[in-house]
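Following: one structure in structure tokens, then a few remarks.
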Amino acid sequence: MFVILSLSLALFGQLIRAVMTHTTHYRGRFAPTPSGPLHLGSLVAALGSYLDARAVGGQWLVRIEDIDPPRCPEGAADTILRQLDAFGLHWDETVRWQHHRHAAYQQALDQLADQGLAYPCSCSRKQWQAFSIYPGWCRESVRDTTKPVAWRLRSDLAKRPITWQDRLFGFQQFDPDVLGDVVLKRKDQLWAYQLAVVVDDADQGITDIVRGYDLLDNTPWQGQLQQALGLSTPRYLHLPLVVTQEGQKLSKQNLAPALAENADGIRQQLFQALQLLDQAPPRTLVQEPPETQLNWAIAHWSVEKLVATTHRRYQSEF
């Protein structure tokens, strides 16, 4: 009975979404760094972005943010893609890999430099460690070609405060003066996250970004870059982080256990992720395969159910 009801809801949802696709241009994405396999916290972020897109008939893309090779062990990206597939989170279009995008990032940096909005910086972290943010010493300096340099964005030239309406946490405003001059390209010539993510989100036409609360503080820098490059700003929804009972964030750095690989574990963890997203799935749903769980979740997805808290604790035992 439950399966029949779920399928009926799914068919109804598909009909509604078929109508909405004529009026919506929603394009979301999940963009993990392949520093290790996905864990429950990663699943919550991926699932939240997936459901938010599918609930309105939108597209959901996957981008592998592998611009920092020392952090990306061989095979980790392929593992992530297999995990997403195992949990039924199937993406649209081909997967984008940031390591193919160096020319696009350089073009954006050149544009900023030509506008006087980016500058080379030879300062070391040790030199300015007494300050809370980089004080901008190299803004007007003549470049020393004998030293390796990073490239920074000038925050002092921003024309207005960075503001946005987070769909869960409400109105946000940051003064550029307190942000500091964010690094765009590192001294080791690797691209920094902030520039790469802004360039790729714009190039892929991303309209909605759903991600963890730990990335909320990155949004002002990204907003500043969007202004400087003349790009549109997506809508943002930051989800509560998943933490242990002791309050420690689940992360690859903290050796959070990888997602389950067996069928029972996948069903249980997908159900648990729906609970952590405050979607109140019926208890009987835990026995259903990913496709059925996702059909129910798409039909019932509601941002209004989300609780505006920075983190959610989970029980390691199901």
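Using the numbering used here, you'd call the opening residue of the sequence shown number 1 and step up by one each time. Each residue gets a CB set at the ideal place from its N, CA and C atoms; glycine is no exception. On a predicted model such as this, the values are computed, not experimentally measured, just so you know.
For residue i, the first and last residue of its enclosing alpha helix (DSSP H)
i: H102; result: 102-114
i: A76; result: 76-86
i: Y193; result: 193-203
i: L274; result: 263-276
i: H90; result: Counting along the chain, H90 falls outside any alpha helix (DSSP H), and DSSP gives it neither H nor E.
i: G41; result: 40-54
i: W296; result: 290-300
i: W221; result: 219-229
Own chain, CB closer than 7 angstroms to residue i, minus 5 neighbours either side, in chain order
i: V286; result: R267, Q268, F271
i: A308; result: L168, F169
i: L51; result: A297, I298, W301
i: T21; result: With a pLDDT of 40 at T21, under the threshold of 50, the modelled position of this residue cannot be trusted; read the value that follows with caution. Taken in chain order, the residues that qualify are G57.
Between the CA atoms of residue j and residue i - distance to the nearest angstrom
i: S6; j: A46; result: Reliability fails at S6, whose pLDDT of 46 lies under 50, so the model's placement of it is uncertain and the value that follows must be treated cautiously. The alpha-carbon atoms of S6 and A46 are separated by roughly 22 angstroms.
i: I16; j: S42; result: Residue placement at I16 cannot be trusted, given a pLDDT of 47 that sits under 50; what the coordinates show is reported in the next sentence. Distance between the alpha carbons of I16 and S42: 29 angstroms.
i: R186; j: Q173; result: 27 angstroms
i: D181; j: D166; result: 23 angstroms
i: F30; j: V44; result: 11 angstroms
i: D321; j: Q127; result: The shown model of the chain, from 1 to 318, leaves out residue 321, and the question about it has no answer.
i: S232; j: L190; result: 25 angstroms
i: L61; j: T146; result: 42 angstroms
i: P73; j: T94; result: 22 angstroms
i: T284; j: E261; result: 21 angstroms
i: A76; j: W91; result: 18 angstroms
i: L89; j: I133; result: 39 angstroms
i: R313; j: L184; result: 34 angstroms
i: P240; j: R160; result: 28 angstroms
Residue interval of the beta strand (DSSP E) (run including residue i)
i: K118; result: Going by the sequence as given, residue 118 is Ala instead of Lys. Its beta strand (DSSP E) spans residues 118-121.
i: G170; result: 170-174
i: W151; result: 150-153
Supposed contact pair residue j and residue i - C-beta distance, whole angstroms, cut 8 angstroms
i: R71; j: Q98; result: Rounded, the Cβ-Cβ distance is 12 angstroms, inconsistent with contact.
i: G58; j: R27; result: 6 angstroms
i: Q315; j: L229; result: At roughly 44 angstroms, the Cβ-Cβ gap does not stay under 8 angstroms, so Q315 and L229 are not in contact.
i: L242; j: L276; result: Before going further, note that residue 242 is Val rather than Leu in the sequence given. That belief holds up - the Cβ atoms of V242 and L276 are roughly 6 angstroms apart, short of 8 angstroms.
Residue i CB to nearest heavy atom of the ligand GTP below 7 angstroms
i: A256; result: For the ligand GTP, the structure offers nothing, since it holds no ligand at all.
Short CB-CB distance (under 8 angstroms) between residue i and chain B
i: G28; result: No chain B appears in this structure, which consists of one protein chain only.
Same chain, Cβ closer than 8 angstroms to residue i, five either side skipped, listed in chain order
i: A196; result: E65, I67, Q98, R101, Y105
i: Q115; result: A228
6 angstroms CB neighbourhood of residue i in its chain, flanking five on each side removed
i: A280; result: none
Measuring CB atoms only, is the region 151-164 touching the region 133-140, in the sense that at least three cross pairs come out at less than 8 angstroms? By the C-beta criterion, the region 151-164 is judged to be in contact with the region 133-140, since at least 3 inter-stretch pairs fall below 8 angstroms.
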